[in-house]
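Colleague: Chains as they are written, first to last, in UniProt numbering: chain A, 1 to 197; chain B, 1 to 987.
The beta-carbon is built from N, C-alpha and C at its ideal position, and this holds for glycine as well.
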C-alpha cells in the first residue's frame with residue numbers, strides 16, 4: 001500500500017488560483033470546477049437534455065448556458081453539453097452522471113481537460129471584442145459560444161452581458177491564454193482611459 | 001526656429017496650442033489640428049521629398065491619403081516608420097520627421113544626376129539596359145538600381161510597438177464621414193440600427209471641413225460637428241476616427257486599421273497599442289469614400305508648389321495655411337475657381353486663374369484667363385513661375401509660389417473593386433463610378449458614387465442608409481436634408497497639355513510621364529495591366545489614386561479608344577499601406593503561436609530539463625545531471641537506465657480521444673486498417689490509420705475500457721488531424737453509427753514507466769487491490785484503477801521502448817504529484833526521468849516508426865505493415881493500399897542500418913546508394929528517416945526506406961549526405977535492434 005498522497009496543482013503549477021486586475025477588470029482562474037462532457041446517444045437527445053435541464057433549472061438549447069444552485073451546464077455542440085459543479089464536492093461528477101444517465105449518453109471526465117477563467121468588470125466587451133469574433137450585442141446573459149482566441153480554441157460563456165464572462169481553454173494552453181487575456185485587458189483598459197481623457 | 005510665414009487666419013486649428021516638431025533636424029512649430037503637411041506649408045516649406053526614380057525635388061500635391069510625394073520617415077530609432085504620408089500625420093508635440101530617398105540632403109541630392117540621365121531611364125529601362133552580361137544583374141545592376149531607386153529605409157530593428165486586433169459587428173458599416181457618410185449615419189443611427197462610422201481622418205466631416213459653402217445657413221464644418229455630436233450621443237453608433245477601412249473581404253467582412261496612438265507624443269503612449277486592426281463583419285455597408293482630385297499633366301508640373309486645387313483650398317480653409325503668398329490656379333472645371341475665390345478671401349494674392357474652357361466667368365476678384373493652358377513651370381526646388389499659353393496664342397509668365405491644379409475628381413471606387421467589381425465610365429463627370437458586382441451587402445453614396453455636389457451627397461447618403469436598412473428589415477426614414485450647394489462643376493475633360501518638351505508627369509510616385517505611356521503604347525504594352533507593369537504606373541503606396549486615370553486617358557488617346565473601353569487595372573487591398581505589425585497583432589516573438597505545457601512542465605523546469613518545441617508543446621528533451629557537458633552524455637545515460645532499470649517520461653502530449661457509444665467498435669474498425677471489432681475489454685491494440693488514398697496517416701493504440709468505451713491515442717503531431725478525421729467520419733461518412741467522440745488529451749497526465757523494474761516501481765504506486773503482475777495484467781492490458789490510496793487512474797501495458805513498460809494516467813491536476821511520486825518510488829531502482837531525445841533513441845533501437853517514417857508519403861507495405869491492412873473488412877484507405885505503386889514488392893521498405901565505422905555518425909535525410917554506385921538521382925535507392933547513436937549497440941544506427949530493403953539484410957551500401965559532403969558505409973539490418981522477438985515486453 002502506497003503511503004504517497006497526491007496533491008493537486010493548478011494549470012499554472014500553483015496551489016492557489018491565478019488572479020489579476022487591470023482597471024476595474026478582474027481575471028480569475030477557476031480550478032474549483034469539476035467538468036463532464038455529456039453527449040446524447042442516438043435517439044436520446046430529449047431524455048438527456050431534460051435531465052440536464054432539471055439539474056441546472058433552465059433550458060439548454062443551442063448556445064445556452066445555465067447556472068443552477070449546484071450544477072451549471074452549457075451547450076457545446078449538437079446533442080452535447082458540458083456540465084460543471086464544485087470540484088471539491090463533485091470531483092467524480094462524470095461518474096455520477098454516468099449513473100444518472102446510464103446508456104442514454106456518453107460521458108467523459110473533463111475536470112482537467114479545460115481550465116476556466118472568469119472575467120468581471122464594468123466593460124468586458126471592450127476586452128472580448130479584441131479577443132474573439134463574437135457579435136457581443138447579441139451575446140446576452142446565458143449564452144455560450146465556441147470561438148478562437150489568439151489561435152486557442154475556447155468556449156466563452158456570458159454570465160452577465162458586458163460585465164461577467166467565463167472563458168474555457170484546453171488546460172495545456174492556460175499560460176498562453178492567460179497571457180492573451182491579461183495583455184488584452186491591460187490594453188483595452190488603457191485605451192478606454194485614453195478615450196475618456 | 002522658423003516662423004509660420006504662410007499661416008493664414010481662421011481654420012479648424014487651435015493656434016493657442018503650439019506644437020513643436022522637427023523636419024530634417026530643423027525645429028518648427030505648428031498648431032493643434034495641423035497635419036505634418038499643413039504645418040510644413042505654414043512654415044514655408046514646399047520641398048518635402050525626392051522622387052522614386054529620378055530623385056526630382058517634390059512637394060506635396062494633396063491633403064489626404066492619396067499623397068504620392070510627401071513621404072517621410074516618422075520617428076527615430078526602432079520606432080522609425082518609412083513612407084508615411086505627411087498629409088495624414090497628425091501633428092503632435094515632439095514629432096520627428098525626416099525626408100527620405102535623398103542624400104546628402106533634400107536640397108542637394110547626389111542621385112539627382114539620375115534626372116540628367118532620364119533619356120536612358122524611361123519606362124522599362126531595366127528590361128532592356130541591363131541584359132548583358134547576364135551575371136551582372138544579380139551582383140551589380142540590381143543592387144545599384146535598388147540603392148538609387150527607393151523609398152524610405154527600415155530601421156532594421158524589431159518593431160517595439162504593440163498592436164491589437166479585434167472583431168466588430170454591425171448592421172451598417174459606413175465608410176467615410178463626409179457629407180454622405182454623416183447623413184447616412186444620422187439616418188441609420190436615429191433608426192436604432194447598429195452603425196459603425198469609420199473615417200481615416202482624425203476629424204469627421206470630410207470636405208465639409210474644407211469648404212466655405214454653408215449648410216442650413218451655418219458653416220459646413222459646424223454642421224458636421226453638430227452631426228458628430230448627435231451621433232456620439234447615440235449608443236448604437238460607434239464612431240471610429242483615425243480608422244482606415246483598407247479592404248473589403250469575403251462575406252461582408254472588412255479590414256480596418258485604427259491609429260490609436262500615432263498622434264500622441266511618446267510620453268503618452270505607455271501601455272497603449274499603436275494601432276488596432278479590426279475585422280468588421282457588416283450585414284450591410286455603405287461606401288462614402290468621396291472622390292480624389294486629379295492633376296493635369298503639363299511640362300514640369302511636378303515642381304514643388306504645384307498641387308491639387310482642392311488641396312490648396314483645404315489647406316487654406318481647414319488648416320489656415322497657404323503654399324505661397326502668390327498663387328495661381330489651373331482648372332478645367334468650376335471647382336478650381338472656388339480655390340481662387342477662397343484664397344482671395346483669405347488675403348492670398350491670386351495672380352491668375354488659367355482655364356482651358358472658353359465659356360467661364362470669374363466668381364471673385366482674380367484675373368481669369370479663358371481658353372488658356374499652363375505650358376511650363378520654373379523653380380527646381382520650389383515653384384517660381386509658370387508660363388501660360390493664352391487664348392490669343394501669346395505666352396505669358398506669372399510669378400507665383402504655388403499653383404492649384406484641378407483636372408476633375410475621381411470617385412474613390414477602390415473598395416468596390418476588392419471582390420472583382422469593375423467600375424463603369426460616366427461621361428458627365430469624366431470618371432469611373434462603381435459598377436459590376438460589389439462586395440456582398442455594399443452600396444455606395446456621395447461623391448464615391450459620382451454624386452458630386454454637397455446636396456446630392458447628403459441625399460444619397462440618407463437614401464443609401466434607408467435602402468441598406470430596408471434590406472435588413474429595419475425601417476428608417478430619411479431626415480430632412482439641410483440646404484446645401486448643388487451646382488455642377490461643368491467639367492470639360494482635359495488630361496494633359498500637348499505643348500512643351502519637358503516631361504509632363506502623370507504618376508508622381510513612380511516618375512511616369514506622358515511620354516512613358518506613349519512609349520508603352522509604341523512597344524505594344526497597350527492593355528492597362530501591361531501598361532501598369534511596364535511603366536509602374538499606379539504602383540507603390542498611393543496605388544495610383546491620382547495618376548491612374550491620367551495614364552488611361554493618354555493610352556486611350558494613343559489607341560483611339562474611349563477611356564471606358566481602355567478599362568482600369570484591378571484595385572486590391574490595402575487601400576492605403578498597413579503596417580506589418582498591425583497584421584501580426586499580438587502574434588509576435590514568443591507569442592507567435594500558443595505554447596502548450598505538459599503536466600510535469602514545472603517539475604521538469606525544477607530538474608533543469610532542456611526543453612524542445614514539439615508543435616505547440618514544450619517537452620523536456622533531456623535532463624542534464626551534474627558533470628554532464630554534452631547532450632549525448634545525458635541522453636545515453638537516460639537510454640541505458642531505461643534498458644537496465646527504469647525511466648519515466650511524460651507522454652501526455654500524445655492525443656487521447658475518448659470514443660464511446662454502442663457502435664464504437666465498428667467505428668474504430670472503419671478508421672483503423674487493422675481489426676478492432678473483436679478487441680476484448682481490458683485490452684489495448686496497436687492500430688494503423690490510413691488516409692483515403694492508402695497512405696499511412698498515423699499510428700497509435702486503442703484501449704477498450706468497456707464494451708462501449710475506447711480510448712484512442714494518436715501521435716503528438718497528428719492529434720488534431722486524427723481527431724478531425726474521426727469527426728469527419730462520424731458526422732459525414734457514417735452518421736448512422738451511434739458513436740460519440742471527444743478529445744481528452746489535456747485531461748490526463750500520462751507517464752511512460754519503462755524498463756525491467758517498471759512493475760516493481762508501479763506496484764508501490766498502484767493500489768494493492770489491482771493485480772499488475774504479468775499474469776494478472778499481461779502485455780497489452782489496460783484498466784481503470786486507483787493509485788496512491790484511491791485516486792482514479794488508467795493503466796496501459798504498452799511499450800514504445802521495447803522494454804517491459806506501462807503508461808499510467810491520472811487527472812492532470814495530480815500530474816506533477818504523480819511524477820514526483822514515481823520518482824520517489826523509483827529511487828531504490830535508480831529510476832531516471834527521460835526526455836524526448838532518449839524516447840526517440842529507444843524507439844529507433846526498437847524499430848518503431850514515428851513522424852519521420854509516417855511522413856505522408858509512405859504506405860503500409862513500405863512500413864512493413866502491409867499484412868496489417870485487413871482484407872476481411874472495409875476500412876478507410878484499404879482498397880487504395882493495393883495500388884501497384886504502393887504494394888510493389890520491389891518498392892521501398894523500412895529497414896535498419898548500422899554504421900560500419902562506429903566513429904562516423906549517420907545523418908537522417910542521407911540518401912542511399914549501392915556500394916559502388918555513383919551518387920546521382922538516377923541511382924538513388926532510398927533515404928535514412930531517423931538516425932541516432934545507440935548506446936545499446938555502441939554505434940550509430942538508423943531507420944530508413946530502401947528499395948527491396950527487406951530482401952537485402954546484410955548488404956553493405958552507402959548513405960550519402962552531399963549537403964555536408966559526407967558519405968558513410970552502412971549495413972542493412974532488421975529495424976529491430978533490440979529484442980526482435982519481443983520477449984522483454986512480455987516478462
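1) Which one or two residues does DSSP pair with residue 84/A in a beta bridge?
2) My assumption, with CB atoms under 8 angstroms, is that residue 841/B sits in contact with residue 795/B. Please give the rounded CB distance.
3) Where are the beta strand (DSSP E) runs, 3 residues long or more, that stay fully inside the stretch 476–544 of chain B, in chain order?
4) From what residue to what residue does the beta strand (DSSP E) around residue 930/B run?
5) Can you tell me the Cα-Cα spacing of residue 372/B and residue 363/B, whole angstroms?
6) Output, in chain order, the set of chain A residues within a Cβ distance shorter than 7 angstroms of residue 772/B.
7) Nearest-angstrom Cα distance between residue 321/B and residue 218/B?
8) Quick check for students: name the residue ranges of the beta strand (DSSP E) that lie wholly in the stretch 757–821 of chain B, counting only runs of 3 or more.
9) Please report the distance separating the alpha-carbon of residue 564/B from that of residue 430/B.
10) Where does the unbroken alpha helix (DSSP H) through residue 47/A begin, and where does it stop?
11) Could you check what DSSP says for residue 16/B in three-state terms: helix, strand or coil?
12) Quick one, which of 136/B, 214/B, 95/B and 323/B has its alpha-carbon nearest residue 268/B's?
13) Opposite residue 255/B in the DSSP bridges: which residues?
14) Got a sec, what are the start and stop residues for the beta strand (DSSP E) residue 876/B sits in?
15) DSSP three-state call for residue 409/B: helix, strand or coil?
16) Have a look at 244/B, 973/B, 155/B and 504/B and flag the residue whose alpha-carbon is nearest the alpha-carbon of residue 950/B.
17) Which value, in whole angstroms, describes the spacing of the CA atoms of residue 687/B and residue 242/B?
18) Identify the residues that DSSP records as bridge partners of residue 370/B: which are they?
19) Using a Cβ cut-off of 8 angstroms (strictly closer), state whether residue 327/B contacts chain A.
20) Using DSSP with H/G/I as helix, E/B as strand and the rest coil, what is residue 573/B?
21) Give the range of the beta strand (DSSP E) segment to which residue 897/B is assigned.
22) Could you tell me which chain B residues have their CB closer than 7 angstroms to the CB of residue 132/A, listed as they occur along the chain?
23) Tell me which same chain residues have a C-beta within less than 8 angstroms of the C-beta of residue 369/B, skipping the five on either side of it?
24) Whole angstroms is fine: what's the gap from residue 663/B's alpha carbon to residue 971/B's?
25) Do you know offhand how far residue 600/B's Cα is from residue 886/B's?
26) Please list, in chain order, the chain B residues whose beta carbon lies closer than 8 angstroms to that of residue 148/A.
27) Would residue 260/B count as contacting chain A if we go by Cβ distances under 8 angstroms?
28) For residue 637/B, report the span of its alpha helix (DSSP H) as first-last.
29) In chain order, what residues of the same chain lie with their CB nearer than 6 angstroms to the CB of residue 492/B, ignoring the 5 residues before and after it?
30) For the beta strand (DSSP E) containing residue 957/B, list its first residue and its last residue.
31) Taking residue 511/B as the reference, give the member of 226/B, 675/B, 124/B and 567/B with the closest Cα.
32) So for residue 179/A, helix, strand or coil by DSSP?
33) Relative to the C-alpha of residue 542/B, which candidate in 616/B, 64/B, 158/B and 9/B has its C-alpha closest?
34) Spell out the partners DSSP gives residue 22/B in its beta bridges.
35) Helix, strand or coil: which one does DSSP assign to residue 179/B?
36) Return yes when the Cβ of residue 174/B is within less than 8 angstroms of the Cβ of residue 191/B, no when it is not.
Modeller: On the basis of the coordinates in this document:
1) The partner list for residue 84/A (beta bridge, DSSP) reads 35/A and 72/A.
2) About 25 angstroms separates the Cβ atoms of residue 841/B and residue 795/B, ruling out a contact at the 8 angstroms cut-off.
3) Those beta strand (DSSP E) runs which fall completely within the stretch 476–544 of chain B and span 3+ residues are 505–507.
4) Unbroken beta strand (DSSP E) run through residue 930/B: 926–934.
5) Pairing residue 372/B with residue 363/B, the inter-Cα distance amounts to about 17 angstroms.
6) Residues of chain A passing the Cβ test: none, with the nearest at roughly 13 angstroms.
7) Cα to Cα, the separation comes out at about 22 angstroms.
8) You should have 782–787, 791–796 and 805–811.
9) Between the C-alpha atoms of residue 564/B and residue 430/B there is a straight-line separation of about 10 angstroms.
10) For residue 47/A, the enclosing alpha helix (DSSP H) has its first and last residue at 45–56.
11) Three-state DSSP puts residue 16/B in a strand.
12) Relative to residue 268/B, the option among 136/B, 214/B, 95/B and 323/B whose CA is nearest is 95/B.
13) In the DSSP output, where bridge partners are listed per residue, residue 255/B has 247/B and 279/B.
14) Judged by DSSP secondary structure, residue 876/B falls outside any beta strand (DSSP E); it is assigned neither H nor E.
15) It is a strand residue.
16) Distances from the alpha-carbon of residue 950/B to those of 244/B, 973/B, 155/B and 504/B put 973/B closest.
17) Rounded to whole angstroms, residue 687/B to residue 242/B spans 57 angstroms at the Cα level.
18) DSSP output for residue 370/B lists 355/B as bridge partner(s).
19) Answer no: the Cβ-Cβ gap between residue 327/B and chain A never drops below 8 angstroms.
20) Correct three-state label for residue 573/B: coil.
21) Counting along the chain, the beta strand (DSSP E) containing residue 897/B begins and ends at 892–899.
22) Simply 167.
23) Hits under 8 angstroms: 352, 353, 354, 355, 388, 390, 391 and 396.
24) The straight-line gap from Cα to Cα measures roughly 48 angstroms.
25) Straight-line Cα distance between these residues: approximately 41 angstroms.
26) Contact of residue 148/A with chain B by beta-carbon distance below 8 angstroms is absent, the smallest such distance being about 10 angstroms.
27) Using a CB distance cut-off of 8 angstroms, residue 260/B counts as an interface residue toward chain A.
28) Per DSSP, residue 637/B belongs to the alpha helix (DSSP H) from 631–644.
29) Closer than 6 angstroms at the Cβ level, and outside the excluded window around residue 492/B, lie 332 and 357.
30) Residue range 956–961 is occupied by the beta strand (DSSP E) that includes residue 957/B.
31) Per the C-alpha coordinates, the member of 226/B, 675/B, 124/B and 567/B positioned closest to residue 511/B is 124/B.
32) Residue 179/A falls in the helix class under three-state DSSP.
33) Closest option to residue 542/B, Cα to Cα, is 64/B.
34) DSSP, once it has assigned bridges, lists 27/B and 96/B as partnering residue 22/B.
35) Residue 179/B carries a helical assignment under DSSP once its states are collapsed to helix, strand and coil.
36) Between residue 191/B and residue 174/B, the gap from beta carbon to beta carbon reaches 8 angstroms or more.
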